[in-house]
Amino acid sequence: DLEGHCIAAVFLGDVPHFAMADGAVHRLDHGHKTVQANDGVLAAFHDAANDRLITGGEDGKVFAVKAGGEVTELASAAKKWITSVAAGPQGA
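Each residue of the sequence shown is one higher than the one before, starting from -12 at the first, in the working numbering.
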């Protein structure tokens, strides 16, 4: 069971992923695995073209989470909340 508020629930490949408000991204891939993205997720977007989950948060950062659990910081804006995220062509 996941505790807390779920911002987004998506499939990356065949694996369900849940972006939680506390910044954790849970994946149910042969067991329950968790990675930490933001320090407080405010927005999430499923970038189906690149098979990743984009998150933005209270920490002013934008992250991409891939199906295998890799977390990459894409952008940051100090002292700002990221309340909307999107993805564009060619991995943008």
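Just so it is clear, CB atoms sit at the ideal spot from N, CA and C, and this is done for glycine as well.
The model shown is predicted, which means the values in this text are computed figures rather than measured ones.
Ends of the beta strand (DSSP E) at residue i?
i, result
"residue 27", "Where residue 27 is concerned, there is no enclosing beta strand (DSSP E), given that its DSSP letter is neither H nor E."
"residue 93", "No answer is possible for residue 93: it lies beyond the span of the chain, which begins at -12 and ends at 79."
Should residue i go down as buried or exposed, given a rule of 16 or more other Cβ atoms within 10 Å for buried?
i, result
"residue 66", "exposed"
"residue 40", "buried"
"residue 17", "exposed"
"residue 19", "exposed"
"residue -1", "buried"
"residue 31", "buried"
"residue 36", "exposed"
Next on the checklist: Which runs of the beta strand (DSSP E) at least 3 residues long sit entirely within the stretch 1 to 74? Give them in chain order.
Outcome noted: 2 to 7, 11 to 15, 19 to 23, 28 to 34, 39 to 44, 48 to 53, 58 to 63
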